[in-house]
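**Student:**
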Amino acid sequence: MPGNNTLRIMTISLPRWPVQRQILQQPGFREHPIFVCRQNARGVLSVVSWAWVMPPTNRKRSQPVIQPGFSLSEALAVLASVYGEWASRVARIIPEDSIGDVRVLETLGRWCHRFSPLVAIGPEAIRGADRGQSKRRGVCSARSLQVDISDTARFFGGESSLVRTVVWTLAARGIHARAAIADTPVASWAAALCAAQITAKSQHSLNDLQKLPRSIPRRSTLLKKGAIRGSHHGHWLDRQQRWVLVPPGRQRQSLKSLPLKSLQLPVNVIDSLAEVGVDSIGQLLRLPRVSLQERFGSIVPMQVSRFLGDVSDPITPLQGSEFLAASHSFEMPVLGRDMESTYFRTLIEKLVRRCLRPLVNANRGVSSLQVRLDANEGHGPTVIEVGLYKPTVQVEHLVDLVMLRLERTRLPREIADVSMEVMSAGTLPYRQQTLFHGPTQSDPSRFEVLLNRLVSRLGSGAVVEPRLLADIQPEAAWVAAPVVGVIGLSKSRRSAQLLGSSKARFSKPVVGPSRPIFLLPSPRLLDVPSLSADGLPARFRWEGQFHVVTRSRGPERIETAWWRGPTVRRDYYIFETDRGGRFWMFRGLRKQSWFLHGTYG
1 MPGNNTLRIM
11 TISLPRWPVQ
21 RQILQQPGFR
31 EHPIFVCRQN
41 ARGVLSVVSW
51 AWVMPPTNRK
61 RSQPVIQPGF
71 SLSEALAVLA
81 SVYGEWASRV
91 ARIIPEDSIG
101 DVRVLETLGR
111 WCHRFSPLVA
121 IGPEAIRGAD
131 RGQSKRRGVC
141 SARSLQVDIS
151 DTARFFGGES
161 SLVRTVVWTL
171 AARGIHARAA
181 IADTPVASWA
191 AALCAAQITA
201 KSQHSLNDLQ
211 KLPRSIPRRS
221 TLLKKGAIRG
231 SHHGHWLDRQ
241 QRWVLVPPGR
251 QRQSLKSLPL
261 KSLQLPVNVI
271 DSLAEVGVDS
281 IGQLLRLPRV
291 SLQERFGSIV
301 PMQVSRFLGD
311 VSDPITPLQG
321 SEFLAASHSF
331 EMPVLGRDME
341 STYFRTLIEK
351 LVRRCLRPLV
361 NANRGVSSLQ
371 VRLDANEGHG
381 PTVIEVGLYK
391 PTVQVEHLVD
401 LVMLRLERTR
411 LPREIADVSM
421 EVMSAGTLPY
431 RQQTLFHGPT
441 QSDPSRFEVL
451 LNRLVSRLGS
461 GAVVEPRLLA
471 DIQPEAAWVA
481 APVVGVIGLS
491 KSRRSAQLLG
501 SSKARFSKPV
511 VGPSRPIFLL
521 PSPRLLDVPS
531 LSADGLPARF
541 RWEGQFHVVT
551 RSRGPERIET
561 AWWRGPTVRR
571 DYYIFETDRG
581 GRFWMFRGLR
591 KQSWFLHGTY
601 G
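Positions 1 to 601 (this note's numbering) are the ones given, in order, by the sequence shown.
1. Would ILE517 be called buried (16 or more neighbouring beta carbons within 10 Å of its own) or exposed?
2. Given a cut-off of 9 Å on the beta-carbon distance, is the pair VAL449 and LEU369 in contact?
3. Could you check what DSSP says for THR567 in three-state terms: helix, strand or coil?
4. Which residue from SER329, LEU406 and ARG408 puts its Cα closest to that of ASP374?
5. Does the Cβ of PRO523 have 16 or more other Cβ atoms within 10 Å, making it buried, or fewer, making it exposed?
6. For VAL48, which residues of its own chain have a beta-carbon under 7 Å away from its beta-carbon, when the five flanking residues on both sides are left out?
7. Under 9 Å, do VAL147 and ARG306 count as touching if we go by C-beta distance?
8. Looking at the secondary structure, which residues open and close the alpha helix (DSSP H) in which SER116 lies?
9. Is LEU428 helix, strand or coil when you go by DSSP?
10. Taking the beta carbon of GLN251 as the centre, do at least 16 other beta carbons fall within 10 Å, making it buried, or is it exposed?
11. In terms of residue numbering, what span does the beta strand (DSSP E) encompassing ARG587 cover?
12. GLN22 and ILE34 look like a contact to me (Cβ under 8 Å); what is the Cβ gap, rounded to whole Å?
13. Taking the beta strand (DSSP E) that PHE540 falls in, what are its first and last residues?
14. Please state the DSSP three-state secondary structure of ARG92.
15. Specify, as a first and last residue, the run of the beta strand (DSSP E) that ASP374 falls within.
16. With H, G and I counted as helix, E and B as strand and the rest as coil, what does DSSP make of ALA480?
17. Which of helix, strand or coil does DSSP assign to THR342?
18. Looking at the strands, I want to know which residues DSSP matches up with THR392.
19. Looking at the unbroken alpha helix (DSSP H) that takes in GLU275, where does it start and where does it end?
20. Could you tell me how far apart the beta carbons of SER262 and SER144 are, in whole angstroms, since I believe they sit closer than 8 Å?
21. Counting along the chain, where does the beta strand (DSSP E) carrying TRP243 start and finish?
22. Is the number of C-beta pairs between the region 152-162 and the region 105-116 that are closer than 8 Å three or more?
23. Under DSSP, the beta strand (DSSP E) around TRP594 begins and ends at which residues?
24. Are three or more beta carbon pairs between the region 408-415 and the region 349-364 nearer than 8 Å?
25. Candidates VAL290, ILE66 and ALA182: which alpha carbon is nearest SER160's?
26. Is the Cβ-Cβ distance between HIS397 and LEU520 less than 9 Å?
27. Hey, out of HIS32, ALA41, GLY43 and ASN40, whose CA is closest to TRP50's CA?
28. For SER460, which residues of its own chain have a beta-carbon under 6 Å away from its beta-carbon, when the five flanking residues on both sides are left out?
29. I need the DSSP call for ILE12, collapsed to helix, strand or coil.
30. State the Cα-Cα distance for the pair ALA180 and ILE415, rounded to the nearest angstrom.
31. In terms of residue numbering, what span does the beta strand (DSSP E) encompassing TRP168 cover?
32. With respect to the beta strand (DSSP E) encompassing ARG143, which residues constitute its N-terminal and C-terminal limits?
33. By alpha-carbon positions, which one of PRO123, ARG173, LEU162 and LEU287 ends up nearest to TRP189?
34. Measure the C-alpha to C-alpha separation of ILE335 and SER456 and round it to an integer number of angstroms.
35. State yes or no: is the C-beta of ILE121 within less than 9 Å of the C-beta of VAL104?
36. For PRO566, which residues of its own chain have a beta-carbon under 6 Å away from its beta-carbon, when the five flanking residues on both sides are left out?
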């Protein structure tokens with residue numbers, strides 16, 4: 001174990017974090033290729049990150065190599081060449097939301113405070129978005145967290161035990177991560193970023209990796225059967241490469257084979273060094289720093305000094321952490337089946353009150369809560385997350401929600417520790433005080449309590465509400481979104497993330513002619529026996545009756561984007577009939593058939 005004066009930094013790298021975040025919010029995306037894209041000034045969509053968690057096995061040739069910076073058309077063409085044209089049609093195209101990525105990353109960073117009070121967001125979260133993701137070379141789009149474990153690793157059984165705990169716990173939460181520990185933030189970040197390229201001497205043996213606890217779901221992360229699709233390097237990531245320990249003072253020897261991009265150098269500097277045959281950290285370290293200063297300025301020698309630890313390079317911890325935690329350790333492990341007892345309910349109530357006390361004084365309430373049940377050594381933790389429709393400080397209500405979640409959660413046989421953490425908080429709603437309370441006055445909190453209890457009992461996917469989407473195709477212009485969404489995001493932000501699916505398609509809100517009051521679930525083919533001189537229906541049959549058209553208005557052309565597969569091209573009309581009805585109908589431009597899509601009354 002390193003000495004007390006030795007700086008030790010653990011970097012937690014989250015490969016393809018933009019994609020991982022989307023999968024955490026929409027588990028159904030696992031079955032589709034996902035592309036997170038950004039739109040440049042010319043309107044061209046470029047790939048920021050991509051992955052296909054559960055691809056079919058019958059591919060035409062080797063795994064597709066799609067790099068960040070590819071245009072969306074290039075990426076879809078490569079995907080189609082490997083899996084067939086159908087793969088590009090089922091792909092999910094999601095707009096980049098770097099602010100949302102960092103928000104959730106900050107929430108995850110606060111969760112990491114259980115390992116150390118000094119937690120920072122990795123350097124690529126700020127600089128990599130404008131540098132590496134916009135080009136096909138340079139810093140990759142992975143996000144990361146850095147934790148100063150210099151004085152805390154010993155409380156977790158040493159560095160080896162700590163790094164395993166981090167990776168396993170994140171896997172239990174559905175997050176695929178790589179972790180590395182080294183003397184400096186730059187060296188630790190480089191080792192975590194390029195863990196697959198570290199020599200076998202710096203890796204743990206396969207025997208250690210085979211000790212993964214059975215309670216950790218093997219398919220809970222982007223990893224599946226020991227591999228992950230969508231790697232920036234075009235290969236599969238083995239389970240042996242999920243964490244790396246760099247011995248104290250050995251970063252020069254252990255990391256010398258890594259590419260220069262792991263030093264967070266600008267792309268133009270990497271290209272210039274490659275022209276003279278310098279491609280790795282070891283080759284760069286053999287060059288005199290004075291010459292590097294004269295040729296490239298101060299950035300290269302400064303990064304070398306930071307990598308070797310020749311200069312002070314403390315991490316900048318997250319500020320303004322308002323989230324609170326409380327825990328309880330049992331003298332002897334208790335049985336999991338006893339977690340629904342009155343004693344355990346009393347314990348949960350005590351933890352809730354300890355977490356709420358500072359929030360109540362600040363007129364704030366809990367928006368989301370996490371309860372963690374730690375089993376004996378060798379078993380992963382059980383994590384229970386409770387999301388609320390609106391912030392609350394009602395102790396009994398929060399306890400009820402936790403107990404409801406416990407009823408539908410498979411608990412470990414024995415539990416040694418129980419911890420609770422407030423994952424997000426919000427300002428309590430202000431309500432006007434009245435002198436008299438009428439008997440018919442409604443209490444809005446009852447509705448919120450009902451929603452929270454339904455979500456805890458049935459799951460967030462079973463309690464949904466319709467929300468509009470900015471989609472030109474009428475039947476795709478809404479989505480059933482959970483009323484209680486992702487932990488750590490405000491309701492407005494959750495809406496933006498939940499709607500950030502392929503249906504949004506980077507379009508602005510649609511403002512068009514008046515839409516019908518009643519929209520059919522899907523267009524219905526009509527029998528049109530006669531047409532007018534201009535090609536519009538003169539009569540049509542609907543619900544067993546003939547309707548004679550007396551007036552029409554249109555057309556309104558609706559056409560979907562090319563990347564959604566077969567293009568939808570329709571001309572919509574509003575028809576008034578002799579029976580006083582108003583119908584919203586369209587003509588499919590491919591087969592010239594007429595369909596009814598909605599009515600106005």
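Even glycine gets a Cβ: it sits at the ideal position worked out from N, Cα and C. Please read all numbers here as calculations on a predicted model, not as lab measurements.
**Tutor:** Taking the structure as given:
1. exposed
2. Not in contact: VAL449 and LEU369 (Cβ atoms no closer than 9 Å).
3. coil
4. SER329
5. buried
6. PRO18, VAL36, CYS37, ARG38, PRO68, GLU96, GLN133 and SER141
7. Contact: no.
8. Counting along the chain, SER116 falls outside any alpha helix (DSSP H), and DSSP gives it neither H nor E.
9. coil
10. buried
11. Taken as a continuous stretch (DSSP letters only), the beta strand (DSSP E) holding ARG587 covers 582-588.
12. That pair is a contact at about 6 Å.
13. 537-542
14. strand
15. If you look at ASP374, you'll find it in the beta strand (DSSP E) that goes 364-374.
16. strand
17. helix
18. VAL366
19. 267-275
20. Incorrect: roughly 12 Å between the Cβ atoms, too far for contact.
21. 243-245
22. yes
23. 594-599
24. no
25. ALA182
26. no
27. HIS32
28. Within its own chain, the residues whose Cβ lies closer than 6 Å to the Cβ of SER460, once the five positions on either side in sequence are excluded, are PRO482 and VAL484, listed in chain order.
29. strand
30. 29 Å
31. That residue, TRP168, is in no beta strand (DSSP E); its alpha helix (DSSP H) goes 159-172.
32. 143-148
33. PRO123
34. The identity of residue 335 in the sequence shown is Leu, whereas the question assumes Ile. Using only the alpha carbons, I get a separation of about 23 Å.
35. no
36. none
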